[in-house]
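Residue numbers (the UniProt record's numbering), protein chains in the order written: chain V, 1 to 178; chain B, 1 to 685.
Below, the structure is given as structure tokens:
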């Protein structure tokens, strides 16, 4: 009896790498991600997220935005840490800008999720777009200072832009099918 | 003499996070609101009997991509003496504002950049302008390095200057701005760098004409002398109010490189030349709203009046990769309300620059004032796509009750369907001409040679001949563009060729004398030789050497006798399973032996209705060729830089490179005089 239950459980669990069982959901992820601006990042983010199998288009967008939210929070913490450690005036100036904008981002992206869930796709789009604007503002603050050779947050800022853009692309599919 | 003022960022402190409000500059205590003319020539028609020349098509020349290397431009800002009084008042204002704001600590905000001064070095290799969020030379992203540029001679460079297209005497020009008709003069303003032949230090150049052809240069109208436009006085549009007042709205790039909208108006409305302009002391009147990036907010349109009496205007932008058109309402052009809904949006099209929005009459008879609405009217929505540097448009229906526009054909929506011009063309802007009741459109034509060529020859860019725009009531799916009739005043002698037969694979020289300034009208009939089997998949892309049964055939302009240089402008028809398709194309690939110029094949399918002959009109003016297919249903502008087919060596030929049709061509060809564009003799007023 126990063996029977175990076998049932094995077949119904969501184990990555189980070929064929989750074929349909993977097809949706690939189909949706192919239409986004960063298909690889899209697929990687969705596949590594436990809720993605069985999710519909809206659910996939939700997952991407959740990733963006977590990601921006991590960046926010990094910025705070850098601010504590940095004495250089120019660098502090830029980090301060990043701190201010990411302070907004970590509130904007949850709003995007909220609007996505309630079906207000235009508002969801706008708040997701803020993530792109904010990471852009943070990143370009470093280029104002020629003495700062390289922004310490380029990868983080690019990462957020990618995730938000992917979300916007998916929402556009959602919006278009309305 | 004007002062560079830098207000601290607090003046742009934005409280977007909690509300959709936008911030206006503190209003100055000083109110500075100032209430603020072709000869014809006898025509000679000479019939001409055809002769045949042996077919002779040299092989396609290897295509190399030009480089974009060039020395950085100097970065001075010029100031005009005649704006001295204005400047000193603005200086006083700014001083007061500066004192008021001095004590506030700068607050960076969501939509703004760090409060530091912008680096002024041009040491980055990116084409200048791209970093600002503005289109620079648009072939830069396709360029590769080549060993060295062509050995251009002064004669070649001089020949490239156009004779009857508008271009400044020297230096760089881009977008046309604020075109308008006022007190008997057509005005053209344009993005202009007074210091160099590359983009930078952008001011508003100015010229006037009584007939849209004979232009007179005027002094620069606006320079970047305020904190809100110190990084460039960018593109804008004029609105003429019912009482005749002119309102000019333009984009300024601020000292923090934020894009804002500013109001300006003539200093003296009684001056028909509109020489001097005043910038509203309360500028900027619009700053990037919530959810819009600080560099995604530019090029305000002409305003139109709504049923409630309020004015509306639209500004292109983007959210992610979706191009959008924001709508603002205003009664006084100083305070605005942003509508929640966009005029329209199209996913995947990217940033919309230079949006243009205007009505067209369905019966296709006259142009309409920008505010016209009602039955019998459709609206054109046009956007310049930043990502591809192409102008696109669509025709649709505007609902004045909710300020939304929907395309007639969503499959050919803005940015994914028709192009305004299929060649080298960008940043078009239209205006309503109340004098002759026309909708007229300008377009910026960049060079396709290299930046270093432009610096060497000292100039870059021309404007098209202004074109009328009408709804095509025969096809119902597009507009038609046509050169303004005033160009006919440049016509000198003409030559007629009746029913010249051009057999497959042959070239026929047309003896018309000097062939560098021409107005050509040509009609073509074809006679099928053989069965006319169906062919699929033939468009423009193979160019003129790609032979199919029913094309290509047409004209070779700016061609050398040896045919080592030539520019084919042609039709290609094909019988497909869906009926006959016809493409209208230009092929620049052998336009010049110089390897460092950008040479492309341009064109598109052109609607041809039952019973219509194939017709084209071509304006040849040295290094620019404007080609109009089927009465202007498909238009292609080309830039060409021949090295041998210049001056007296430039020739005109008919050609037929089809394999299965004889072509019979009837042509009327005028030589065109120069427009002798020169400075307005202001000292003689």
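Every residue, glycine too, gets a C-beta built ideally from N, C-alpha and C. No experiment lies behind these values; they were computed from the predicted model shown.
Contacts that residue i makes with chain B (C-beta to C-beta distance below 7 Å)
i, result
"residue 129 of chain V", "291, 319, 320"
"residue 69 of chain V", "Under the 7 Å cutoff, chain B gives no residues; its nearest Cβ is about 17 Å from residue 69 of chain V."
"residue 37 of chain V", "321"
"residue 86 of chain V", "Here the premise fails: no neighbours, minimum Cβ distance about 15 Å."
"residue 154 of chain V", "By Cβ distance, chain B contributes nothing, its closest Cβ being about 16 Å from residue 154 of chain V, past 7 Å."
Proximal residues of chain V, C-beta to C-beta of residue i below 7 Å
i, result
"residue 509 of chain B", "Simply none; closest approach about 52 Å."
"residue 407 of chain B", "Near residue 407 of chain B there are no residues of chain V at all, since even the closest Cβ is about 14 Å away, more than 7 Å."
Residue i to residue j span [Cα, whole Å]
i, j, result
"residue 70 of chain V", "residue 396 of chain B", "43 Å"
"residue 494 of chain B", "residue 519 of chain B", "9 Å"
"residue 162 of chain V", "residue 392 of chain B", "27 Å"
"residue 115 of chain B", "residue 257 of chain B", "Interpretation of residue 115 of chain B is limited by its pLDDT of 32, a score under 50 that renders its predicted location unreliable; no figure is taken from the coordinates."
"residue 586 of chain B", "residue 300 of chain B", "33 Å"
"residue 435 of chain B", "residue 266 of chain B", "20 Å"
"residue 298 of chain B", "residue 386 of chain B", "12 Å"
"residue 98 of chain V", "residue 141 of chain V", "8 Å"
"residue 233 of chain B", "residue 285 of chain B", "15 Å"
"residue 94 of chain V", "residue 159 of chain V", "19 Å"
"residue 203 of chain B", "residue 273 of chain B", "18 Å"
"residue 356 of chain B", "residue 473 of chain B", "21 Å"
"residue 56 of chain B", "residue 595 of chain B", "Bear in mind that the predicted position of residue 56 of chain B carries a pLDDT of just 35, short of 50, making it too unreliable to give a figure here."
"residue 32 of chain V", "residue 604 of chain B", "32 Å"
"residue 566 of chain B", "residue 556 of chain B", "6 Å"
"residue 541 of chain B", "residue 558 of chain B", "21 Å"
"residue 130 of chain V", "residue 659 of chain B", "58 Å"
"residue 551 of chain B", "residue 573 of chain B", "6 Å"
"residue 262 of chain B", "residue 581 of chain B", "47 Å"
"residue 407 of chain B", "residue 643 of chain B", "45 Å"
"residue 283 of chain B", "residue 637 of chain B", "37 Å"
"residue 432 of chain B", "residue 180 of chain B", "7 Å"
"residue 327 of chain B", "residue 317 of chain B", "11 Å"
"residue 504 of chain B", "residue 354 of chain B", "44 Å"
"residue 676 of chain B", "residue 213 of chain B", "9 Å"
"residue 166 of chain V", "residue 36 of chain V", "6 Å"
"residue 46 of chain V", "residue 161 of chain B", "57 Å"
Cβ-Cβ separation, residue j to residue i (assumed contact under 8 Å), whole Å
i, j, result
"residue 239 of chain B", "residue 247 of chain B", "5 Å"
"residue 205 of chain B", "residue 189 of chain B", "7 Å"
"residue 614 of chain B", "residue 571 of chain B", "5 Å"
"residue 606 of chain B", "residue 633 of chain B", "5 Å"
"residue 171 of chain B", "residue 149 of chain B", "Contact flag wrong, Cβ pair sits at about 20 Å."
"residue 510 of chain B", "residue 653 of chain B", "6 Å"
"residue 65 of chain V", "residue 112 of chain V", "6 Å"
"residue 444 of chain B", "residue 176 of chain B", "6 Å"
"residue 662 of chain B", "residue 490 of chain B", "Rounded, the Cβ-Cβ distance is 34 Å, inconsistent with contact."
Paired residues, beta bridge with residue i - DSSP
i, result
"residue 695 of chain B", "Lying outside 1 to 685, the shown extent of chain B, residue 695 of chain B is not represented and no answer is given."
"residue 687 of chain B", "The question about residue 687 of chain B has no answer here: the residues shown for chain B are numbered 1 through 685."
"residue 687 of chain B", "Since the first and last residues shown for chain B are 1 and 685, residue 687 of chain B lies out of range."
"residue 362 of chain B", "Partner(s): none; residue 362 of chain B has no beta bridge."
"residue 248 of chain B", "B:238, B:264"
"residue 394 of chain B", "B:381"
"residue 482 of chain B", "B:468"
"residue 584 of chain B", "B:571, B:604"
"residue 192 of chain B", "B:173, B:203"
"residue 551 of chain B", "B:548"
"residue 271 of chain B", "The partner list for residue 271 of chain B (beta bridge, DSSP) is empty, contrary to what the question assumes."
Contacts of residue i in chain B (Cβ-Cβ under 8 Å)
i, result
"residue 132 of chain V", "293, 320"
"residue 75 of chain V", "Simply none; closest approach about 15 Å."
"residue 126 of chain V", "290, 291, 319"
"residue 168 of chain V", "319, 320, 321, 322"
"residue 165 of chain V", "320, 321"
Listed by chain order, chain V residues near residue i by CB distance under 8 Å
i, result
"residue 410 of chain B", "Under the 8 Å cutoff, chain V gives no residues; its nearest Cβ is about 10 Å from residue 410 of chain B."
Closer than 9 Å at the beta carbon, the chain B residues around residue i
i, result
"residue 136 of chain V", "293, 294, 295"
"residue 31 of chain V", "Those within 9 Å of residue 31 of chain V in chain B number zero; the least Cβ separation is about 16 Å."
"residue 112 of chain V", "Those within 9 Å of residue 112 of chain V in chain B number zero; the least Cβ separation is about 10 Å."
"residue 172 of chain V", "320, 321, 322, 347, 348"
Let me know the alpha helix (DSSP H) ranges lying completely inside the UniProt domain "Pectinesterase inhibitor" (24-170) of chain V, each 4 residues or longer, listed in chain order.
Listed in chain order, they are 39-47, 57-85, 89-117, 121-142.
Only counting runs of 3 or more residues, tell me where the beta strand (DSSP E) segments fall wholly within the stretch 302-332 of chain B, in order along the chain.
311-319, 322-330, all fully within the stretch 302-332 of chain B.
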